[in-house]
Every structure is written in structure tokens, then in C-alpha cells.
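Taking my numbering as reference, the numbering of the sequence shown is continuous, increasing by one, and the terminal residue is 893.
Where is the CB? At the ideal position from N, CA and C, for every residue including glycine.
On a predicted model such as this, the values are computed, not experimentally measured, just so you know.
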Amino acid sequence: MHAKIAVLSGDGIGPEVIAEARKVLESLVKARGHMFRFEEGLVGGIAIDATGTALPEETLALCKASDAVLFGAVGGPKWDDPTASVRPEQGLLGLRKGLGLFANLRPVKLNPALLGASAIKRDVLTGTDLVVVRELTGGIYFGERGRREGGTVAFDTMIYSVPEIERVLRIAFELAGKRRKHVTSVDKANVLESSRLWRETGVRL
Numbered sequence: 689m690h691a692k693i694a695v696l697s698g699d700g701i702g703p704e705v706i707a708e709a710r711k712v713l714e715s716l717v718k719a720r721g722h723m724f725r726f727e728e729g730l731v732g733g734i735a736i737d738a739t740g741t742a743l744p745e746e747t748l749a750l751c752k753a754s755d756a757v758l759f760g761a762v763g764g765p766k767w768d769d770p771t772a773s774v775r776p777e778q779g780l781l782g783l784r785k786g787l788g789l790f791a792n793l794r795p796v797k798l799n800p801a802l803l804g805a806s807a808i809k810r811d812v813l814t815g816t817d818l819v820v821v822r823e824l825t826g827g828i829y830f831g832e833r834g835r836r837e838g839g840t841v842a843f844d845t846m847i848y849s850v851p852e853i854e855r856v857l858r859i860a861f862e863l864a865g866k867r868r869k870h871v872t873s874v875d876k877a878n879v880l881e882s883s884r885l886w887r888e889t890g891v892r893l
């Protein structure tokens, strides 16, 4: 296997975590004969300091030309000004949008040795094995936002289209088909119109 991997260490704990992740990948070179070519890119706070933007065009181009992206973390006290026009998090959101990364998969498995460390009853936790599928490129993070009435009123708009909902639900259904064939869709359909659309689309699919 030959693969080009874009390495975006980012800020904070990112470089430390990525350094260890690279060691794991490099061990596969010896154990399995895989060949990896790593190429570094800037993202987040360090990218702002170097280029004035959280996601330089060169970084996005590198990611698009790679077989995989190894991402660390963005943000930290140095850039922790919520009123700043350029923020580290814009790099992460830009990567999601630019690469079409619309579904975040979060496996949840319980280490039996940690059963006693939780306040939840042991018999409830035992055997926990699920995957959370989170939508990443629509909704409130990408909707229109702003201030009005002299800055005393703020708004963030949550917008979803049927195609956006369908594609992430299909990911969930495909995963469930290989597991227990069960999907739980979490919404607020009693209040939110966008949640009603989610539920209608899920039932129809």
C-alpha cells in the first residue's frame, strides 16, 4: 500500500498527538510493508500567525491531493477571542466544507476495566457498543448569523436540505446494516422545523 498523507498538526495538543500517531503509522511500514509519504500543512492558529488565514489555499489543495488527512487540533488561549474576524475553528469548518466531510463517525465501546468508574449502573453499561453519526457541514454552524438592533440581538440560523439529511442518514443505515440493524435519530421535532424535516426524511428512507 502506497499512500500520501497530509499531516495537519495544528495547535495545542495537536502536535503532540500527531507525533504519536505518526509513530503508529510508521510502525506499519515495518510490520506490513506499507509505504506512507507524509506532507505537512498549516491549519488553525499557527496558520493564522503565518498566513493571516486559518486554512490557507495550499493546505486545502494538499488535502485534496492526498489519500488521507491526519488532523490534530486547532485553537488555544493565544487565539481565544470570540470577536476576532479570523479564528482557528474556521480552519476546521473550512476543511469539512472543502473536502465534503459531512459525516463524523464516533464509535463508543466500553472498556470492562472501567465499569466501576462510572456513576451509571454496571448492568446498563455492560456491552455498550454503538456508533454516533453526526452531521458536519450543514445546520447552525454554516447558516446565516449576525447581530441587529445595535448589536443587542444576535441570531444563528439552522438550515438543512433534504439531500443533506439523506446522505448522512444513508451512512447511518449502512453502518446499522452491518451491525444490529438499529438506528436512533435524535431530534427536537416537537419544536424545531428542521428536526421535523429530519424525522420525515428518516421515516421515508
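Item                                                                                                                  : Value
Per-residue DSSP class, three states only, for P795                                                                   : strand
Nearest-angstrom Cα separation, counted from V891 out to L857                                                         : 10 Å
Cβ neighbour criterion (16 or more within 10 Å) applied to I706                                                       : buried
Neighbourhood of R822 by C-beta distance below 6 Å, restricted to the same chain and skipping five residues each side : N792
G717 - DSSP class collapsed to helix/strand/coil                                                                      : According to the sequence as given, residue 717 is Val; it is not Gly. It is helical.
Boundaries of the beta strand (DSSP E) in which G864 is found, first to last residue                                  : A quick correction: the sequence has Ala, not Gly, at residue 864. Premise fails: A864 lies in the alpha helix (DSSP H), V850 to G865, not in any beta strand (DSSP E).
Cβ-Cβ distance between L713 and V731 below 8 Å                                                                        : no
Whole-angstrom distance between T872 and R855, CA atom to CA atom                                                     : 16 Å
Cβ-based neighbour list, L789, same chain, cut-off 8 Å, excluding 5 preceding and 5 following                         : L783, L824 and T825
Supposed contact pair T889 and I847 - C-beta distance, whole angstroms, cut 8 Å                                       : At roughly 14 Å, the Cβ-Cβ gap does not stay under 8 Å, so I847 and T889 are not in contact.
Three-state secondary structure assigned by DSSP to I693                                                              : strand
Exposure label - P765; buried when at least 16 CB within 10 Å                                                         : exposed
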